[in-house]
Each structure stands twice: as C-alpha cells, then as structure tokens.
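Encoded as structure tokens, the structure appears first; notes follow it.
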Amino acid sequence: MFTLHHSPFSVASQKVRLALAEKQLEWSDRIVDLLAGEHCSEAFRRLNGRAEVPVLEHNGLALTESWFICEYLDEAFPQYPLMPVAPAHRYAARQWNHWIDRELHHASGIVTWAVLARPLLLQQHPEAVSALLQAIPDESVRAWRRSVLEHGLDAPELKDCIERHRAFFMRMEAQLADTHAWLAGPACSLADLAALPYVMRAEHVGLGGLMTFEAHPNLRSWYMRMLTRPSMQPSFVRYLDPELQALMTKLVVAAHPKLEQLMRQAG
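The numbers in the UniProt record's numbering rise by one with no breaks, and the one at position 158 of the sequence shown is 158.
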C-alpha cells in the first residue's frame, strides 16, 4: 500500500495521482493543506526538506519529485507501462517533463497564486500570512509570492507567465500532429500525464482563451481524450468539493477582465 502526502490542487500531486491511477494502484491519502502551511511544518519537512508535495511513502521509502516518483512506479510495477518502448520516444517523454518543469511550472504557480490563493489569503490575519511566507524555504519563491500578494493581477511577473503558457500550448499543438496523436510515441505516456495538470490548471484559472479550438484543434482533441480516461475518476473527480469549486469559479470570474487584458497584451 502507498501513502500519498499531497494536495488535491497541486499540479505535481495530480501528476503522481494520475500515474498511480493509470497503473491501477491504490493509495491512502494524507492531505496537506498548503494555504495553512502544513507543507512547511517540521513533521512534513522530515519527509521532504524542500517543503514540497507530493511525497509518496512505499516500503520504507519517502519518494519526492513528481517525475522521479512516476518513473519509480513505472519501473517497480511494469504492468500497464507508462514510459514508451523506443529510446527516442523515452527521450521525448523526459524532455517534455523537463521543459514543463523549466518553462511552465513556475508560471503556473504564479497565476494560481494570483487568481485563487491571494484572495483567500487576504482574508487571513496579516501575521499568519507573513508567517506562512517566511516558512517557505526557497527565497526566490518567497519573493514572487510577496510580489503577487501585494500587487495581485498587476504583479509584474504575470505578463511573462501568460507568454509561457501561450508558448506551451503552441508547442503542444505542433507536437500533436493530428487528432489522435500523443506527446511521446504511439500511446499515452508519462509525457501526457505530466502535461495534463498544467492544461487543466490553465483552463481552471481562466487562461483557456489561449488554446482556442480554432488555433489548437489537435491540443483540444488531446485534452478531450485525456479527460475521458478512466484514471480521471480516482485521480481528480473524487477530490472535487462542490463548495470549493463554486468558490474557485467565483474567483476566476472576478479575475477574468484582467486576465483577458493580459492575454490580449501578450498576443
């Protein structure tokens, strides 16, 4: 049995849940409340000193870094393989994940923080928010979160985030050469599982206008196929909270005019 320390809304956690579900493996949940700073607690940092979710416990190991966890699962449980067979396709899968980590993960976090996290944090006592920020080990992360907390959607970091999402969708569209293609080889692989949480997050925070059906037909086809995979139920759907979903929708609607302006400027 696996114990997964994760947040339902963490894109890195979603990647690992998808891999577990695709391989039809069961896990027990240890939900980590990121807005409450549970990932920065002493207990959690004994599992991962970087104070990042997810952490997967298995056979006495505390596994960190979402891609490495996914590769571990694929090698330890070879049924329902998720890495392509051909070396060129395996290289492509790893390259996709590396590109996402390097070019998109940071941008996705900033937009999420600006649209969803900031309005909720502003309802908390300033001292509690300050303590939450101070507990973050990475100084660069503390800096951009302070900037976004202060400026919201007017934070200077937002423009580059929009550009990075646009480049991500264009790259995916170019790779998905037809309406039945996958990102790395002839079948769904870890590359597709790595990309899906970021495409969903972009849609959910109001950046769906960057990937229109007209300009990105192959990406949209891929997205629909991914959303209908059986793994979506155990990895995503069962974590949906109707009240929280309604609140998120309200926050995205409030952010929509400014996001539309930023997307037009980026275009």
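Every residue, glycine too, gets a C-beta built ideally from N, C-alpha and C.
- Task: Give every residue of the same chain whose Cβ lies closer than 7 angstroms to the Cβ of Leu-47, excluding the five residues on either side of it in the sequence, and list them in chain order.
- Result: So the list reads His-5, Val-55, Ala-62, once near-sequence residues are dropped.
- Are three or more beta carbon pairs between the region 103-112 and the region 162-178 nearer than 8 angstroms? Yes: at least three Cβ pairs fall under 8 angstroms.
- Give the DSSP-derived three-state secondary structure of Val-55 in the structure shown. Residue state, collapsed to three classes: strand.
- Query: Can you give the Cα-Cα distance for Glu-42 and Pro-8, rounded to whole angstroms?
  - Reply: Taking the straight line from one Cα to the other gives about 21 angstroms.
- Item | Classification of Asn-59 by the beta-carbon crowding that lies within 10 angstroms, buried from 16 upward | Exposed: under 16 other Cβ atoms inside 10 Å.
- Beta carbon proximity, Glu-75 to chain B, threshold 8 angstroms: Given the protein chain composition of this structure (a single chain), no chain B is represented.
- Could you work out which residue in Met-211, Asn-218, Ala-254, Ala-246 is closest to Met-263 when comparing CA atoms only? In terms of Cα proximity to Met-263, the closest of Met-211, Asn-218, Ala-254, Ala-246 is Met-211.
- Are at least three pairs of beta-carbons, each pair with one atom in the region 211-229 and one in the region 169-188, less than 8 angstroms apart? Yes, since at least three Cβ pairs between the region 211-229 and the region 169-188 fall closer than 8 angstroms, the two stretches touch.
- Task: Drop a sphere of 10 angstroms on the beta-carbon of Asp-29, count the other beta-carbons inside from all chains shown, and report buried for 16 or more, exposed for fewer.
- Result: By the neighbour-count criterion, in which 16 or more other beta carbons inside 10 Å mark a residue as buried, Asp-29 falls on the exposed side.
- Task: Report the partner residues of Phe-2 according to the DSSP bridge assignment.
- Result: Trp-27.
- Put Ala-195 into one of helix, strand or coil per three-state DSSP. In the structure shown, Ala-195 sits in a helix (DSSP, three-state: H, G or I).
- Query: Under a three-way DSSP split, which group does Ala-114 fall into?
  - Reply: The three-state secondary structure of Ala-114, taken from DSSP, is helix.
- Would you identify the three-state DSSP class for Ala-62, choosing helix, strand or coil? In the structure shown, Ala-62 sits in a strand (DSSP, three-state: E or B).
- By how many angstroms is the C-alpha of Met-248 removed from the C-alpha of Arg-145? Distance between the alpha carbons of Arg-145 and Met-248 is about 19 angstroms.
- Message: My output table needs one value for Trp-182: the three-state DSSP class, helix, strand or coil.
- Response: Correct three-state label for Trp-182: coil.
- Item | Nearest residue (CA-CA) to Glu-260, options Asp-154, Met-170, Gly-206, Tyr-239 | Proximity to Glu-260 across Asp-154, Met-170, Gly-206, Tyr-239 peaks at Gly-206, based on C-alpha coordinates.
- Who are the Cβ neighbours of Cys-70 in its own chain at under 6 angstroms, not counting the five residues just before and after it? So the list reads Ala-19, Leu-190, once near-sequence residues are dropped.
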